[in-house]
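Asker: Line order of the protein sequences matches chains Y and U. Counting in the working numbering, the first sequence runs from 1 upward without gaps. Counting in the working numbering, the second sequence runs from 1001 upward without gaps. Where a beta carbon is used, it is the ideal one built from N, C-alpha and C, also for glycine. One structure, as structure tokens, below. Some questions next.
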Amino acid sequence: MVEPVKRDEAAEAAARRRRRSIALGLALAAFVIIVYVLTIVKMGPAVLDRPL
Amino acid sequence: MHHSNEISTGAHEARVEDYLALLKPRVMSLVVFTALVGLLLAPGGINPFVGAVAILCIAIGAGASGALNMWYDADIDAVMSRTANRPIPAGRMERDHALAFGLVLSVFSVALLGLAANWVAAGLLAFTIFFYAVIYTMWLKRSTPQNIVIGGAAGAFPPMVGWAAVTGSISLESVVLFLIIFLWTPPHFWALALYKQSDYGAAGIPMLPNVAGERATKVQILVYSVLLVASTLVPGWIGFMGPIYTTVALVTGAGFLWFAWVLFRTTETVAMKKAGRALFTYSLSYLSVIFLALITDHVAKMLGWL
Chain Y
1 MVEPVKRDEA AEAAARRRRR SIALGLALAA FVIIVYVLTI VKMGPAVLDR
51 PL
Chain U
1001 MHHSNEISTG AHEARVEDYL ALLKPRVMSL VVFTALVGLL LAPGGINPFV
1051 GAVAILCIAI GAGASGALNM WYDADIDAVM SRTANRPIPA GRMERDHALA
1101 FGLVLSVFSV ALLGLAANWV AAGLLAFTIF FYAVIYTMWL KRSTPQNIVI
1151 GGAAGAFPPM VGWAAVTGSI SLESVVLFLI IFLWTPPHFW ALALYKQSDY
1201 GAAGIPMLPN VAGERATKVQ ILVYSVLLVA STLVPGWIGF MGPIYTTVAL
1251 VTGAGFLWFA WVLFRTTETV AMKKAGRALF TYSLSYLSVI FLALITDHVA
1301 KMLGWL
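What follows is the structure, encoded as structure tokens:
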């Protein structure tokens, strides 16, 4: 019975790729948010611009 | 065996956790902590969000150099029990993927730190990554038993980067923070090498105990321990820190010297490995306590308790 094993492995590989894609998507979203907030903090309204 | 033209199987498809493991999370936590101390001790203020982004960049940069290290060192990692289960030697990830991951994160962390804070801090971070990945990993680690001493500089840069993120410069105080970690690294890793000798020997890494012998290693551990404890007293001498810090540095420093002395006096193999392990464990908490004391003293001064 070689076939079912192969199919399981392919399913596992697909699941791993999917989780990687989700992680990469979240990382990119975080990067975009960071750059956006950074821009406001450094150049935008002075509300957020206070020293520690 | 790892390269086939068929659809890749589950075993060869790296998981998200494998990519995270490339970043050496445990090293990263120490980097985040020391960089944060450098950032908080620096004179002047930094916007909290900019500060948080700076710490994130330093952490990612350190992680990137870890990934580059695992890309280059996959062959020797496979031989040592401590590192054999890393993603590449365990066969869960292609080497090239670790290289790409490390390079991309290096570029993004340096660029973002430059844009968020300043280019002095970004330049220091770039130099740190270069120092760890190229000077230490590619060059010194396999060629000299002093690998740890010079390579330790890479781990000592983060508080300087954190400091520079606020001030945009390098100063005596941030160099002292660098010096403390720099002098801490050799006794810390040689203590580990003393009880993991056979591992390094099998991998062909010229660690000091394998090359110069146990006796010479214990002498050097003792010498560096004295230099380390002396360096931790500098912040008090230059008026950077007050009595809270200096008291902690004196007490914990005496403990460090005691463990180094016990190791120096122990010759019997089993007892010596135990003493090496004891110094290694102590030195880990020691560095955290020293940096906690720096921040505590600083906060006490700001609140006007001293």
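Please report the straight-line C-alpha distance between Arg18 (chain Y) and Ile1076 (chain U), rounded to a whole angstrom.
Answerer: The sequence position of residue 18 (chain Y) within the first sequence is 18, counting from 1. The sequence position of residue 1076 (chain U) within the second sequence is 76, counting from 1. Their Cα atoms are separated by approximately 31 Å.
Asker: Check whether the segment 1118-1130 of chain U and the segment 1054-1068 of chain U are in contact - that is, three or more C-beta pairs closer than 8 Å.
Answerer: At 8 Å Cβ cutoff, the stretches touch.
Asker: Could you pull out every unbroken alpha helix (DSSP H) segment of at least 4 residues lying fully inside the segment 1230-1272 of chain U, listed in chain order?
Answerer: Listed in chain order, the complete alpha helix (DSSP H) runs (minimum 4 residues) inside the segment 1230-1272 of chain U are 1243-1265.
Asker: Got a sec, what are the start and stop residues for the alpha helix (DSSP H) His1188 (chain U) sits in?
Answerer: Position 188 of the second sequence, counted from the start, is the residue given in the question as residue 1188 (chain U). Note, His1188 (chain U): alpha helix (DSSP H), 1172-1195.
Asker: Counting pairs of beta carbons, one from the segment 1284-1302 of chain U and one from the segment 1229-1247 of chain U, are three or more of them closer than 8 Å?
Answerer: Verdict: yes, contact present.
Asker: Could you please give the first and the last residue of the uninterrupted alpha helix (DSSP H) stretch that includes Ala1153 (chain U)?
Answerer: Start at 1 with the first residue of the second sequence, and residue 1153 (chain U) comes out as number 153. Looking at the DSSP string, the run of the alpha helix (DSSP H) that includes Ala1153 (chain U) is 1147-1156.
Asker: Mind pulling the chain Y residues with CB within less than 9 Å of Arg1015 (chain U)?
Answerer: Taking the second sequence and counting its residues from 1, the one referred to as residue 1015 (chain U) is at position 15. Per Cβ cutoff of 9 Å: Arg16, Arg19, Arg20.
Asker: Just the C-alpha distance for Ala1260 (chain U) and Ile1181 (chain U), rounded to the nearest angstrom, thanks.
Answerer: Here residue 1260 (chain U) refers to the residue found at position 260 when the second sequence is read from its first residue. Here residue 1181 (chain U) refers to the residue found at position 181 when the second sequence is read from its first residue. Answer to the nearest angstrom: the Cα atoms are 17 Å apart.
Asker: How close, in whole Å, do the beta carbons of Leu1183 (chain U) and Ser1231 (chain U) come, if the pair is a contact with beta carbons under 8 Å?
Answerer: Along the second sequence, one-based indexing puts residue 1183 (chain U) at 183. Along the second sequence, one-based indexing puts residue 1231 (chain U) at 231. About 5 Å separates the two Cβ atoms, so the contact holds.
Asker: Can you tell me the Cβ-Cβ gap for Ala1062 (chain U) and Met1028 (chain U), rounded? I've got them flagged as a contact below 8 Å.
Answerer: The residue you call residue 1062 (chain U) lines up with position 62 of the second sequence. The residue you call residue 1028 (chain U) lines up with position 28 of the second sequence. So it is a contact: roughly 6 Å between Cβ atoms.
Asker: Is it the case that the segment 1249-1266 of chain U contacts the segment 1220-1240 of chain U, given that we only count it when at least three CB pairs across the two stretches are under 8 Å?
Answerer: Flag = yes, the segment 1220-1240 of chain U and the segment 1249-1266 of chain U touch.
Asker: Name the two residues that bound the continuous alpha helix (DSSP H) containing Ser1029 (chain U).
Answerer: By one-based count along the second sequence, residue 1029 (chain U) stands at place 29. Start and end: 1025-1041.
Asker: In three-state DSSP terms, what is Trp1305 (chain U)?
Answerer: Translated into positions along the second sequence, residue 1305 (chain U) becomes position 305. Reduced to three states, the DSSP call for Trp1305 (chain U) is coil.
Asker: With H, G and I counted as helix, E and B as strand and the rest as coil, what does DSSP make of Thr39 (chain Y)?
Answerer: Within the first sequence, residue 39 (chain Y) is the residue found at index 39, counting from 1. Three-state DSSP puts Thr39 (chain Y) in a helix.
Asker: Please name the residue in U:Leu1036, U:Leu1113, U:Val1050 whose C-alpha comes closest to that of Ser1288 (chain U).
Answerer: Counted from its first residue, the second sequence places residue 1288 (chain U) at position 288. Closest by alpha carbon: U:Leu1036.
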